[in-house]
Amino acid sequence: MKKQVEGANGKLGIMMPGLGAVATTMIAGVVATRRGLSKPIGSLTQMGTIRVGKRTENNEPLIKDFVPLAKLEDLAFGGWDVYEDNVYDAAMKAKVIDGHLLYDIKDELEAIKPYKAAFDKNYVKNLDGTYVKEAATKWDLAQQVIEDIKDFKAKNNCERIVLVWCGSTEIYLEPSEVHQTLAAFEQGLKDNDPNIAPSMIYAYAALKLGYAYANGAPNLTVDIPAMLELAKQTQTPVAGKDFKTGQTLMKTVLAPGLMARSLGVRGWFSDNILGNRDGLVLDDPDNFKTKEVSKLGVLEDIFKPEINQDLYGDMYHKIRINYYPPHGDNKESWDNIDIFGWMGYKMQIKINFLCRDSILAAPIVLDLALFSDLAKRAGMSGIQEWLSFYLKSPQTKEGLRPENDIFKQLEKLHNTLRYIMGEELITHLGLDYYEED
Numbered sequence: 152m153k154k155q156v157e158g159a160n161g162k163l164g165i166m167m168p169g170l171g172a173v174a175t176t177m178i179a180g181v182v183a184t185r186r187g188l189s190k191p192i193g194s195l196t197q198m199g200t201i202r203v204g205k206r207t208e209n210n211e212p213l214i215k216d217f218v219p220l221a222k223l224e225d226l227a228f229g230g231w232d233v234y235e236d237n238v239y240d241a242a243m244k245a246k247v248i249d250g251h252l253l254y255d256i257k258d259e260l261e262a263i264k265p266y267k268a269a270f271d272k273n274y275v276k277n278l279d280g281t282y283v284k285e286a287a288t289k290w291d292l293a294q295q296v297i298e299d300i301k302d303f304k305a306k307n308n309c310e311r312i313v314l315v316w317c318g319s320t321e322i323y324l325e326p327s328e329v330h331q332t333l334a335a336f337e338q339g340l341k342d343n344d345p346n347i348a349p350s351m352i353y354a355y356a357a358l359k360l361g362y363a364y365a366n367g368a369p370n371l372t373v374d375i376p377a378m379l380e381l382a383k384q385t386q387t388p389v390a391g392k393d394f395k396t397g398q399t400l401m402k403t404v405l406a407p408g409l410m411a412r413s414l415g416v417r418g419w420f421s422d423n424i425l426g427n428r429d430g431l432v433l434d435d436p437d438n439f440k441t442k443e444v445s446k447l448g449v450l451e452d453i454f455k456p457e458i459n460q461d462l463y464g465d466m467y468h469k470i471r472i473n474y475y476p477p478h479g480d481n482k483e484s485w486d487n488i489d490i491f492g493w494m495g496y497k498m499q500i501k502i503n504f505l506c507r508d509s510i511l512a513a514p515i516v517l518d519l520a521l522f523s524d525l526a527k528r529a530g531m532s533g534i535q536e537w538l539s540f541y542l543k544s545p546q547t548k549e550g551l552r553p554e555n556d557i558f559k560q561l562e563k564l565h566n567t568l569r570y571i572m573g574e575e576l577i578t579h580l581g582l583d584y585y586e587e588d
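Residues are numbered in our numbering as their position in the sequence shown, beginning at 1, plus a constant of 151.
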């Protein structure tokens with residue numbers, strides 16, 4: 152049965168805490184696409200197709216033509232940042248996109264200016280914020296963020312709002328007492344509890360207003376009971392965490408292939424160099440730990456060493472991220488994978504991935520925003536596990552192991568869209584083609 156989905160009427164506002172390289176690259180890409188200067192490569196919502204019905208029917212529409220997504224022409228962009236730069240100036244400083252292209256869309260980018268950030272250097276030690284809100288308590292900060300969202304919605308004549316965290320990785324935090332209930336969390340805001348990080352303030356503000364929130368960093372944010380209680384109360388979707396872009400993307404592609412062939416893995420060593428703001432932030436050990444925990448869990452969830460002892464029980468997994476300013480946004484990763492096959496004979500795989508961090512992340516921001524908005528209009532609240540496709544450390548119900556195999560994630564995403572539209576789910580069993588004879 153087809154779900155009742157409200158139409159994508161009017162404008163959708165996409166607000167991002169952190170108008171740095173990733174956010175400005177996404178905004179510039181959408182504006183350039185709207186003007187016919189580019190194409191939204193890498194965006195599933197814009198370029199991806201979905202099979203409907205039997206293979207013999209050859210019915211594979213674009214996803215944007217299959218489900219009622221907000222159109223690129225109906226998007227408005229805003230957000231917060233620790234620097235006062237408008238989106239044009241921020242994009243020029245990020246040096247991700249060619250300056251000549253940015254100049255062609257300068258008028259529209261210059262008009263997008265950030266709100267002051269709810270920022271605390273204690274959570275991002277290597278970042279010095281100069282355009283920052285002042286308040287006596289974190290509760291007051293949350294109220295200021297709520298007012299910012301309302302102001303943006305009114306000024307841009309938006310019908311709906313979605314928030315996607317594009318800010319820096321915060322220091323590692325574990326769930327504590329203040330995170331267990333909404334009442335405890337709200338009291339913690341008033342008491343300036345140190346276990347409430349800035350990302351949680353943005354998430355609280357969004358969910359309080361009933362606006363979907365997606366977490367693009369490995370921060371502890373919406374994956375706490377208090378936020379899920381609030382999401383349930385306001386019937387709002389949440390998704391997290393940590394955009395799946397470079398090295399981890401390769402792992403979720405390659406690891407399922409090795410496991411599918413029952414090939415063993417002795418060790419997987421991963422090294423990275425990155426020179427943008429994200430690299431600077433991760434140069435601090437406390438912030439790196441947050442990222443490390445997110446990245447380390449991927450292989451374990453795919454290989455399941457406790458079940459597949461002979462193949463992966465003794466696997467050694469090591470990750471390093473090094474700040475290297477000359478590379479800027481051009482992230483480079485090296486992977487050495489020690490594998491073994493028939494009769495235990497050893498083999499190796501070497502990967503050198505020279506990628507562009509924000510170019511890979513930008514379409515993820517767009518897709519998470521559009522799909523989160525769709526989920527809200529379809530009455531789908533709480534954790535949206537079907538959006539795991541985009542995330543390194545997918546958020547799931549407590550006690551439920553995440554699925555990190557990118558091919559299973561894509562199948563889950565496609566089947567969720569079919570479910571929303573009342574189409575038959577596809578299992579790829581295919582026996583019916585042969586049993587018909």
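From the three backbone atoms N, C-alpha and C, an ideal C-beta is built for every residue, glycine too. Nothing here was measured: the structure is a model prediction, and the numbers come from that model.
Asked                                                                                                       : Found
6 angstroms CB neighbourhood of V247 in its chain, flanking five on each side removed                       : A172, T176, D480 and S509
Below-8 angstroms beta-carbon distance, Y585 vs any chain B residue                                         : No chain B appears in the structure shown, which is made up of a single protein chain.
Inter-residue spacing [alpha-carbon to alpha-carbon] between I453 and T281                                  : 42 angstroms
Beta-carbon proximity check, Y475 vs G430, cutoff 8 angstroms                                               : yes
Backbone CA spacing between K359 and L220 [nearest angstrom]                                                : 24 angstroms
G415 vs F491 beta-carbon contact at 8 angstroms                                                             : yes
Sequence ranges, beta strand (DSSP E) only - wholly within the stretch 507-550, length at least 3           : none
Rounded C-alpha distance that separates E310 from S421                                                      : 44 angstroms
Outcome for Q535 when other beta-carbon atoms lying within 10 angstroms are tallied against a minimum of 16 : buried
CA-to-CA distance, L195 to L314, given in whole angstroms                                                   : 19 angstroms
Three-way DSSP call (helix, strand, coil) for N160 in this model                                            : coil
Helix, strand or coil at K501 according to DSSP, with G and I counted as helix                              : strand
K272 burial status per 10 Å Cβ neighbour count (16 or more: buried)                                         : exposed
Residues near K469 in its chain [Cβ-Cβ closer than 8 angstroms; skip 5 each side]                           : G418, W419, F420 and S421
CA-to-CA distance, L278 to I322, given in whole angstroms                                                   : 12 angstroms
Candidates W485, K383 and Q560, of which the one nearest Q398 by Cα                                         : W485
Same chain, Cβ closer than 6 angstroms to R610, neighbours up to 5 away in sequence not counted             : Nothing about residue 610 can be reported from this structure: the residues present for the chain run from 152 to 588 only.
Exposure of I300, with buried meaning 16 or more beta-carbon neighbours within 10 Å                         : buried
Rounded Cβ spacing between W316 and A368 (contact assumed at less than 8 angstroms)                         : 6 angstroms
Buried or exposed (CB count within 10 angstroms, at least 16 for buried), H579                              : exposed
Element boundaries [beta strand (DSSP E), containing F420]                                                  : G415 to L425
Exposure of H565, with buried meaning 16 or more beta-carbon neighbours within 10 Å                         : buried
Whole-angstrom distance between T396 and K455, CA atom to CA atom                                           : 22 angstroms
Which of helix, strand or coil DSSP assigns to L226                                                         : strand
A159 versus E298: straight-line alpha-carbon distance, rounded                                              : 24 angstroms
Limits of the unbroken alpha helix (DSSP H) element including H565                                          : I557 to I571
Inside the stretch 158-220 only - beta strand (DSSP E) runs reaching at least 3 residues                    : 162-168
Whole-number beta carbon distance between V373 and A348, since they are thought to touch under 8 angstroms  : In fact, because the Cβ distance is near 12 angstroms, the residues do not count as touching under 8 angstroms.
Neighbour-count burial assignment, A245, 16 or more Cβ in a 10 Å radius                                     : buried
Cβ-based burial, Y584 [other Cβ within 10 Å; buried from 16]                                                : exposed
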